[in-house]
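Numbering (this note's numbering), first residue to last: -11 to 487.
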Ligand code: NAD
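The structure is reproduced here in structure tokens:
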């Protein structure tokens, strides 16, 4: 679908997309798609104020009714799936299937959130005092600020928003300045749902267009109760302490350095397929991308030739072509970072296959690369860093304990997996002595999570959890209530205080 048709289908007015200061460039071929007007600090503050007003009204709406708005939003997403998926491809270069997959993820989280809107349960607690009852109540939190990264331009926002809205909050979203169009399109789709819903307050969803300085307005504003920020560890290092300094809450979803341990008993066919999808999918630009393979020394020579053969035949090209599996990097800076990491890897003893730029016909302005495999002498410094590009480092191990130690010996702690048919190895990997990541899988790659589970990671990945399971609790505040229905006033701990 052409970009003009996509924008039209999503209700974005071509007039509003001209003459702005923020250039929306497609990574497919480098062409300018639109020029969008950024927010000023003053307009950002105004939007936050509007959001705070919307919160005051929305928090009083019964939760199942809030769920109804998200049900309608899910319906609108179903109706716009093809166009929004195509816009994701145009704006961040995802292949068609992955663009659609992102929108499907949005639909899935809406379904989850609708169910959740009737299940925001609190506990009843046994009181030690006669004639007393204790309970927990979960209340809406306030304005939720969502800062998102370019590589999941719509799904991550929807994980936060669908849950935040059913929990009774308003949302102010600062998308990456690399994807203003998908953000504006999502806002339009949300507005359609809100219109059908009827009495949603104005300002329930505000979008701030701009770069880091506009994100900082959100970070520093006391009215923003929770800042849910997805992006690099560098960003989290700045955002976390600033939000904490004003006693706000933050939920950080930062960089990963995800590994697969391939054991001697592994089903190599499965492992090779899982490695390929998780290492080269989205051109290596997922937080959960497989970046390290830790393979037993006895099977390295079986695994690597198969992998290199597949790598040699990867369909790299225009992501809008249905046969392509590897699209472009987001921009030239990303390409340069990949090249400098490969150079350092070589200096640290790595043997590199691939990594060079690939010219794609009619897409000369795009930065396409041959995904790289770097056979390393050990887990050197560069292997311990996240380079946001398709570089797969391969190291070997002798003893299982060493493989586990290598898996954990990186600053990040997002996703991990093991390929084995040995029950002891699998269970040890999942145990307290095993992987230290937020996600640990057996016989399945580290990327492509389902929305039903809580998503996030430890250490420099930031510690946040969003999406499924009980991640909703981060978007609410808990009150502990004690009710005395007796005619006396006993004190806890048996304290006597007669007056
Ligand atoms: P980035 O850190 O450059 O930017 C992310 C967002 O933060 C953008 O919206 C940016 O404008 C904003 N930002 C940056 N500095 C800020 C500051 N000081 N204050 C407020 N806002 C600020 O990241 P990116 O290049 O867009 O995305 C790639 C990174 O995101 C990778 O490290 C990847 O692993 C990570 N990521 C993590 C997850 C996860 O769930 N753990 C998901 C997707 C991406």
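The beta carbon of each residue, even a glycine, is placed where N, CA and C say it ideally should be. Here the structure is a predicted model, which is why all the values come from computation and not from measurement.
Distance check for residue 334 and residue 388, CA to CA, integer angstroms please.
27 Å
Please state whether DSSP places residue 122 in a helix, a strand or coil.
strand
Going by DSSP, what residue range makes up the beta strand (DSSP E) through residue 248?
246 to 250
Measuring straight from C-alpha to C-alpha, what distance separates residue 11 and residue 352?
19 Å
Residues sharing a beta bridge with residue 10, DSSP
24
Report whether the distance from the Cβ of residue 137 to the nearest heavy atom of the ligand NAD is below 6 Å.
yes
Have a look at 366, -2, 128 and flag the residue whose alpha-carbon is nearest the alpha-carbon of residue 285.
366
Mind checking who residue 112 pairs with in its DSSP beta bridge?
123
For residue 270, the first and last residue of its enclosing beta strand (DSSP E)
Careful: residue 270 lies outside any beta strand (DSSP E) and carries neither H nor E.
Quick one: is residue 473 buried, meaning 16 or more other Cβ sit within 10 Å of its Cβ, or exposed?
exposed
Straight-line gap, residue 156 to residue 128 (C-alpha atoms, nearest Å)
5 Å
Have a look at 441, 432, 395, 435 and flag the residue whose alpha-carbon is nearest the alpha-carbon of residue 421.
395
Does the count of Cβ pairs from the segment 131 to 143 and the segment 91 to 99 closer than 8 Å reach three?
yes
Starting from the C-beta of residue 7, find all residues in its chain whose C-beta is less than 7 Å away, skip the five residues before and the five after it, and write them out in chain order.
23
For the segment 70 to 81 and the segment 113 to 131, state whether three or more C-beta atom pairs, one from each stretch, are separated by less than 8 Å.
no
Could you check how far apart the C-beta atoms of residue 115 and residue 468 are, in whole angstroms? I think they sit under 8 Å.
Not confirmed; about 11 Å, so no contact.
Taking the beta strand (DSSP E) that residue 239 falls in, what are its first and last residues?
237 to 241
Measuring only from the beta carbon, is residue 200 closer than 6 Å to any heavy atom that is part of the ligand NAD?
yes
Taking 7 Å as the cut-off, decide whether the C-beta atoms of residue 27 and residue 202 are in contact.
yes
Between the alpha carbons of residue 315 and residue 19, how many angstroms are there, rounded?
15 Å
With a floor of 4 residues, list each alpha helix (DSSP H) that falls wholly inside the segment 47 to 83, ordered by position along the chain.
51 to 67, 69 to 80
Ignoring anything shorter than 3 residues or poking outside the segment 343 to 382, list the beta strand (DSSP E) runs there in chain order.
360 to 363
Using DSSP with H/G/I as helix, E/B as strand and the rest coil, what is residue 401?
strand
Please tell me whether residue 131 and residue 212 are closer than 7 Å, where the distance is taken between their beta carbons.
yes
Would the beta-carbon of residue 167 fall within 7 Å of that of residue 79?
yes
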